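To keep things clear, I will list the structure first and then write my remarks on it.
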Amino acid sequence: MRKILVHIIFWIVFFLMWNQVMYFYIRNNLSNRLYFSALDVSLIILAFYGIFSFVLPDYFRRKKKVRLIILSVSLIVLLTATYTWCMKLFLNHMLIPIQFDFIWTYQDLQYNRFFIVLLGVLGGYFVKLAIDRLDAQRKLESMEKERSLAELTYLKAQINPHFLFNSLNTLYSQLDIAPSEARHTLVSISDLLRYQLYECSTDFTPLTKELDYLNNYFNIQQLRIENCNATFTVKGNPEQYAIAPLLMMPLVENAFKYLSDSDVAENRLALSIVLRDDQLSFRCENTFDSSSFTDRKAKKGIGLENVKKRLELLYQGRYQLQTTVDGRLYIVTLTLNLTHVELPDHR
């Protein structure tokens, strides 16, 4: 209904403007000028919707250019001929003669009305093509968002089974040796699951909760790692910021997955997040073995690719993601422009 109302208002305004133009040609009688304007605008409307509603949709269904040309030319000829015939009847039977400011013939009338029809046809073409392009763009954006949501849903649904298995093994070994630590580990695992189930249903989540999630994950992973110097630091105030949920998770998960396990060289994993001037600077570096690095390249960094896709969808033009190798160190850096967002507290 709203769309119809917009069309009606547009054509009323167009008619009033066209009537003002006709004043320069027909000045002696308002009713005659209104009649001419009504015929002209009716002609444009018929040409416009003929192309917009019938000819172009037929072309998009069949994809036949010859048929498109034939239908377009036929519409122009039909409307021009019909208009000229109606105008002849009107001019021959009107009570008050029209005084034109120029000498004209029926050929002139036909010629001029041909261009009026052409105006309507071209208008229909351009408007239809513009609307279809906008619709296609909206559908593409919708599909991209759905794909992003599907990827996020997949990511939420999978805490890595190996991670859960290892965490439960760690928990089991702690039960007899350090019951209090086992209880703390169990609470941390519960917090991870709760966050994935209840805090990741929207595009953005409070940064404080995302950092708590990463901290819990980091601490649980640390329990099963031996002979490794692992650190996690956060600098700056995360309050009033929001971030896409689980955005940094694959980067941290990969760091633990490909972490070196050497008996002779240092094993190190350092994760740091710095917040300054509405910007998040993420840096994760881990030592790696040559075999794990070869395996990482063979798998083409699926987790990293998913992060890139989500960044393009949610932070296009507002991020920088880089990976570098320095000796035995694999380094991932992410710079993200954040905004202050008021988010409801789901606790």
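The letter at position 115 of the sequence shown is residue 116 when you use our numbering, and the numbering goes up by one with no holes.
Ideal Cβ placement from N, Cα and C applies to all residues, glycine included.
Remember, predicted model here, so these are calculated numbers, not experimental data.
Alpha carbon of residue i to alpha carbon of residue j, nearest angstrom
i           : j           : result
residue 266 : residue 305 : 27 Å
residue 174 : residue 242 : 38 Å
residue 342 : residue 144 : 25 Å
residue 4   : residue 133 : 16 Å
residue 183 : residue 208 : 27 Å
residue 324 : residue 283 : 12 Å
residue 271 : residue 148 : 32 Å
residue 9   : residue 82  : 26 Å
residue 151 : residue 232 : 32 Å
residue 257 : residue 167 : 13 Å
residue 213 : residue 310 : 24 Å
residue 17  : residue 130 : 26 Å
residue 264 : residue 181 : 30 Å
residue 292 : residue 128 : 59 Å
residue 32  : residue 85  : 19 Å
residue 318 : residue 340 : 14 Å
residue 223 : residue 176 : 17 Å
residue 328 : residue 135 : 49 Å
residue 115 : residue 71  : 16 Å
residue 165 : residue 65  : 58 Å
residue 203 : residue 146 : 12 Å
residue 42  : residue 15  : 8 Å
Distance CB(residue i)-CB(residue j) smaller than 8 Å
i           : j           : result
residue 1   : residue 225 : Since the displayed the chain opens at 2 and closes at 348, residue 1 lies outside it and no answer follows.
residue 280 : residue 198 : no
residue 121 : residue 44  : yes
residue 260 : residue 285 : no
residue 77  : residue 22  : no
residue 200 : residue 244 : no
residue 248 : residue 308 : yes
residue 12  : residue 38  : no
residue 87  : residue 40  : yes
residue 335 : residue 322 : yes
residue 73  : residue 46  : no
residue 252 : residue 326 : no
residue 206 : residue 246 : yes
Expected contact under 8 Å - CB spacing of residue i and residue j to nearest Å
i           : j           : result
residue 80  : residue 48  : 6 Å
residue 320 : residue 312 : 5 Å
residue 178 : residue 235 : Between residue 235 and residue 178 the Cβ distance is about 30 Å, and since that is not below 8 Å, they are no contact.
residue 217 : residue 192 : 5 Å
residue 124 : residue 50  : Not really, about 10 Å apart at Cβ, beyond 8 Å.
residue 238 : residue 276 : 6 Å
residue 255 : residue 262 : Actually they are not in contact, since the Cβ atoms of residue 255 and residue 262 sit about 15 Å apart, beyond 8 Å.
For residue i, three-class secondary structure by DSSP
i           : result
residue 123 : helix
residue 285 : strand
residue 58  : helix
residue 236 : strand
residue 262 : coil
residue 5   : helix
residue 44  : helix
residue 226 : coil
residue 203 : coil
residue 342 : coil
residue 248 : coil
residue 327 : strand
residue 274 : strand
residue 211 : helix
Boundaries of the beta strand (DSSP E) in which residue i is found, first to last residue
i           : result
residue 199 : Here residue 199 belongs to no beta strand (DSSP E); instead the alpha helix (DSSP H) covers 180 to 199.
residue 317 : Premise fails: residue 317 is in no beta strand (DSSP E) and is neither H nor E.
residue 338 : 330 to 338
residue 52  : Premise fails: residue 52 is in no beta strand (DSSP E) and is neither H nor E.
First through last residue of the alpha helix (DSSP H) which encompasses residue i
i           : result
residue 242 : Neither: residue 242 is in no alpha helix (DSSP H) and is coded neither H nor E.
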